[in-house]
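Chains as they are written, first to last, in the numbering used here: chain B, 1376 to 1489; chain P, 1376 to 1489.
The beta carbon of each residue, even a glycine, is placed where N, CA and C say it ideally should be.
Just so it is clear, the structure is predicted and the values come from calculations on it, not from any experiment.
Step one of this worksheet: look at the structure below.
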DNA sequence: CCATACACCTCGGTCTTCTACATATATCGC
DNA sequence: GCGATATATGTAGAAGACCGAGGTGTATGG
């Protein structure tokens, strides 16, 4: 029994999507499964969050998509990173790291500078 | 020159406030300064986020406040944790840890189980 | 007396996220 | 053949968090 699924803070979903898509073209449904698998059920993306997020990223020019047959014989939309998306992924990953380190400083009091 | 201030993902502000208040009664203005100091300018809480957040936490019964003189001679509202707030802090800190670990798994591909 | 730092507050817009609903195809068991 | 389930996509509406901009007032230093 996994503790509980935690809702994602805003912005992090974009980062996770970009990261998974960076590993290879994938369709939305599979992406959600993959996130859940890798995170050991901690990250569970509801469809009502997933698809709007994908459309946002596509509209912002970070992803491109084309319809193909999935290996189950159904039509699905495969997403790939654009160069702009790759750049954005880099920026967001760095930003995430900077933020988590800062929060770590606050959560674990140590050398509280002065 | 610090890279750039990053906007806080929703929910994390509550966690940070609870954590700082847990270290001792403090007023809003000082709390914002303290967060900025400890995080080395990464976390900068605008007042338009700060005060609504404090009111939310107070309404939810996680904080209590009373007016006192600050050491500069002005009236200010000093916040303290309630028992409920302490419990909530624990829960949110654990949740944050679980989430960051899960995201780490996604961001740094390694043993991607199967 | 004026600017700055301290200290509080609200309003309105923007954005994300989630719940719920809606649609369609392939496959498996019966 | 038929119904249930898994696959796969999507929209609509509501809730909520965050932030920019604005507003109030006091103390202090020049």
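So if DSSP puts residue i in a beta bridge, which residue, or which two residues, is it bridged to?
i, result
"residue 1456 of chain B", "B/1438"
"residue 1478 of chain P", "Its beta-bridge partners do not exist; DSSP assigns none."
"residue 1401 of chain P", "P/1454"
"residue 1443 of chain B", "B/1451"
Suppose the cutoff is 7 Å on Cβ atoms and the five residues either side in sequence are ignored; what does the same chain contact list for residue i look like?
i, result
"residue 1453 of chain B", "1400, 1401, 1402, 1440, 1441 and 1443"
"residue 1425 of chain B", "1403 and 1407"
Return the residue from the list the options that minimises the CA-CA distance to residue i.
i, options, result
"residue 1470 of chain P", "B/1459, B/1425, B/1482 and B/1462", "B/1482"
"residue 1462 of chain P", "P/1436, P/1450 and P/1480", "P/1436"
"residue 1392 of chain B", "B/1477, B/1480 and B/1465", "B/1465"
"residue 1388 of chain P", "P/1405, P/1397, P/1429 and P/1447", "P/1429"
"residue 1449 of chain B", "B/1405, B/1422, B/1468 and B/1479", "B/1405"
By Cβ distance, which residues of its chain are closer than 6 Å to residue i, with the 5 residues on each side in sequence left out?
i, result
"residue 1451 of chain B", "1402 and 1445"
"residue 1414 of chain P", "none"
"residue 1432 of chain P", "1438"
"residue 1417 of chain P", "none"
Between the C-alpha atoms of residue i and residue j, what's the straight-line distance to the nearest angstrom?
i, j, result
"residue 1488 of chain P", "residue 1411 of chain B", "Any reading at residue 1488 of chain P needs caution, since the residue's pLDDT is 46, under 50, leaving its predicted position unreliable; the model's value is listed next. Between residue 1488 of chain P and residue 1411 of chain B, the C-alpha separation is close to 11 Å."
"residue 1456 of chain B", "residue 1390 of chain B", "12 Å"
"residue 1434 of chain B", "residue 1385 of chain B", "18 Å"
"residue 1477 of chain P", "residue 1458 of chain B", "26 Å"
Can you find the residues in the same chain that come closer than 8 Å, C-beta to C-beta, to residue i, ignoring five residues on each side of it along the sequence?
i, result
"residue 1396 of chain P", "1406, 1438, 1454, 1455, 1456 and 1460"
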